[in-house]
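Residues 122 to 601 (this note's numbering) make up the first sequence, in order. Every residue, glycine too, gets a C-beta built ideally from N, C-alpha and C.
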Amino acid sequence: MAKQNDGFVQHITPQAEDFSRWYTDVIKMADMVDYSDVKGCMVIKQYGYGIWELIQQEMDARIKETGHKNAYFPLLIPKHLLETEAEHVEGFAPEAAWVTIGGNEELAEPLCIRPTSESIICSMYSKWVQSYRDLPVLLNQWCNVLRWEKSTRPFLRTSEFLWQEGHTVHMTQQEAEEETLKMLRVYQEFAKNVLAMPVLIGQKSEKEKFAGADHTYTMEALMLDGKALQMGTSHNLGQNFAKGFDIQFLDKDGKKKYAWQTSWGTSTRMIGGLIMVHGDERGLRLPPRVAPVQCVIVPVAVHKEGVLQKAQELFLQLKHAGVRVELDERDQSPGWKFNEWELKGVPIRLEIGPRDIENKVCMLARRDTCAKDAYSLENIDRTVIEMLDDIHETMYTQALAFREEHTYDAKNWDEFMQGIEQKHGLVRAMWCGETACEEQIKEKTGVTTRCKPFEQEDLGEVCVHCGKPAKQMMIFAKSY
RNA sequence: CGGGGUGUAGCGCAGUUUGGCUAGCGUACGUGCUUUGGGAGCAUGGGGCCGGGGGUUCGAAUCCCUUCACCCCGACCA
């Protein structure tokens, strides 16, 4: 990647050993974030936030389409509420931040800055749910949460982050399970059609599941350095919170019953995933559907008559056609602009100069393949829109091919170790399902279970590590 | 929390070992002219509590003590 500021060009590739350096450089140079004074809290600048706004817009439409409504609950959670569900509080206590003073007085009860909203939402649900007629409750909220993390990294693990959290209440276990799976599928479809990212979906192990859930589903994506990133989760909470918070309803049969619940979420972490799946040695590559600028127009030889005028014409034409387009009129050389927009990942660059105007064409440069060709100015808006779709498909296909190249099966421990030491990526292997075994694998290799995929294959009879009878095929990987 | 490293102009750094002239370089920024199809050229200008505090000294970016912040590797983390 071309670096500014040191007087010469230095190249860093995403596959190199200093992947994490590449990652922070891309974010910084694409002008997505700045760093605040508060440990691990980032300032998301306009360009980075523009991406989040598009993610929000697309995700929100899907959440509403599946019957959910948005609501908002308080930022502060009284201590006793957080402590109501035993497993939940144990899971979140180490990363909780507290407000203990209000005005100048010490509070009688400390208030937790929400690390997640299950407890405060459930405390309301217990009032709202009385009868089977009140069910299901299907709510979602967009908000920020705070977790006091020991080490942070922009987008992947920040103390404060923005997310969407859905919380639902149902009459039956089956209905809750269907909801949990439905939202996981929504996430998967979103990843594919909006982020151009292939994800694996499946179930988390007992050790990796959400604190307070019966079981947790996840979508996992493979990054360019061979590590896996959890991109979204969907939890079946069973009756754990219902019992803790007394969420009961009077059923048709006249009996009082505890409700069944789910929760599911996706966060700004997805932006980190985007960067680490699609980036290259020139910087960011944005999938068109989340690109704040989909097409940038760079006029060449602006001082020549008619060039700027033509560029402005094209700008309006594309804008009216619904393309997120920007005209770069800054007083810089064209080459400088080319590099900057490539760094920022803009999918299409349109170049227009005197020569093109004479030939009734313009140049279109694609960020995904770096191809640059002349296209007729006639129906240029349609050409651009079609190209945006094609870029999306190409990026998805590239990411999928990368994942497949970096997924391998291990039938025994030797193959498992060999795979981890020599290749990077996802290991598919049979596993006994026991937490003790899982912990030993982590200790020996640094690799953890990512998910038990819904699409199971029989790779053998026994656990790849301990040799006990295998219960499932599991995906293992190093993770963020 | 352990181990290692870094704090000097917006950004990237040199200078610290061996204390000494007015604290430098690149880039970015301002102005003027010429340029413009892959990071333009010349001229000129502005910008610094050398992370903070305390010491040693005639004199400290440099040595000593202390403190804060950030980065990397572990550990921790849904």
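Taken atom to atom, the span from the alpha-carbon of residue 318 to that of residue 244 is near 37 angstroms. With a threshold of 16 other beta carbon atoms within 10 Å, residue 197 falls short and is exposed.
Straight through space, the alpha carbons of residue 153 and residue 400 are spaced by roughly 14 angstroms.
Between the C-alpha atoms of residue 428 and residue 422 there is a straight-line separation of about 7 angstroms. DSSP places residue 141 within a helical segment (H, G or I) once states are collapsed to three. Straight through space, the alpha carbons of residue 527 and residue 601 are spaced by roughly 17 angstroms.
The residues 405, 406, 407, in chain order, have a CB closer than 6 angstroms to that of residue 466 in the same chain once the five nearest residues on each side in sequence are set aside. A distance of 8 angstroms or more separates the beta carbons of residue 147 and residue 156. The beta carbon of residue 368 sits closer than 8 angstroms to those of 243, 246, 247, 250, 290, 362, 379, 380, 382, all from its chain and outside the five residues before and after it, given in chain order. Contact between the region 199 to 218 and the region 263 to 277 is present: three or more C-beta pairs spanning the two stretches fall below 8 angstroms.
Around the beta carbon of residue 351, 16 or more other beta carbons lie within 10 angstroms, which makes this residue buried. In this structure residue 364 does not touch residue 371 by the C-beta definition: roughly 17 angstroms separates them, more than the 8 angstroms allowed. For residue 316, the closest of 515, 205, 420 by C-alpha to C-alpha distance is 515.
Cβ-Cβ distances below 7 angstroms link residue 144 to 396, 397 in the same chain, with the five nearest sequence neighbours on each side left out; the list follows chain order. Contact check between the region 335 to 348 and the region 581 to 589: fewer than three CB pairs, one atom from each, fall below 8 angstroms, which does not count as touching. Membership of residue 322 in the beta strand (DSSP E) is indicated by the continuous run 321 to 324.
Secondary structure at residue 222: strand, using DSSP grouped into helix, strand and coil. Cβ-Cβ distances below 8 angstroms link residue 173 to 165, 283, 389, 392 in the same chain, with the five nearest sequence neighbours on each side left out; the list follows chain order. Cβ contact annotation for residue 209 (same chain, cutoff 6 angstroms, sequence separation greater than five): 332, 333, in chain order. By the Cβ criterion, the region 410 to 424 is in contact with the region 468 to 478, since at least three pairs of Cβ atoms, one from each stretch, lie closer than 8 angstroms. Bounds of the alpha helix (DSSP H) holding residue 504 are 501 to 526. DSSP places residue 281 in the strand class (E or B) of the three-state scheme. Sorting 506, 449, 560 by C-alpha distance to the C-alpha of residue 441 places 506 at the top. The Cβ atoms of residue 459 and residue 448 lie no closer than 8 angstroms to each other. In the displayed model, residue 543 falls within a helix according to three-state DSSP. In this structure, DSSP gives residue 569 an extended state, which the three-state scheme calls strand.
Taking 3 residues as the minimum length, the beta strand (DSSP E) runs contained wholly in the region 150 to 196 are 154 to 156, 163 to 165, in order along the chain. Counting of Cβ neighbours within 10 angstroms places residue 211 among the exposed residues, the total staying below 16. Here the region 495 to 503 makes no contact with the region 176 to 194; the two share fewer than three CB pairs at distances below 8 angstroms. Relative to residue 581, the option among 374, 511, 530 whose CA is nearest is 530. Burial is judged here by how many other beta carbons sit within 10 angstroms of a residue's own beta carbon; residue 557 has fewer than 16 and is exposed.
The C-alpha of residue 414 is placed about 12 angstroms away from the C-alpha of residue 167. Per DSSP, the beta bridge partners of residue 338 are 324, 355. Here the alpha carbon of residue 493 sits roughly 15 angstroms from the alpha carbon of residue 455.
Here residue 357 has 297, 298, 301, 334, 335, 336, 383 as same chain residues with Cβ atoms under 7 angstroms from its own Cβ, once five neighbours each way along the sequence are excluded. For residue 550, the three-state secondary structure derived from DSSP is strand.
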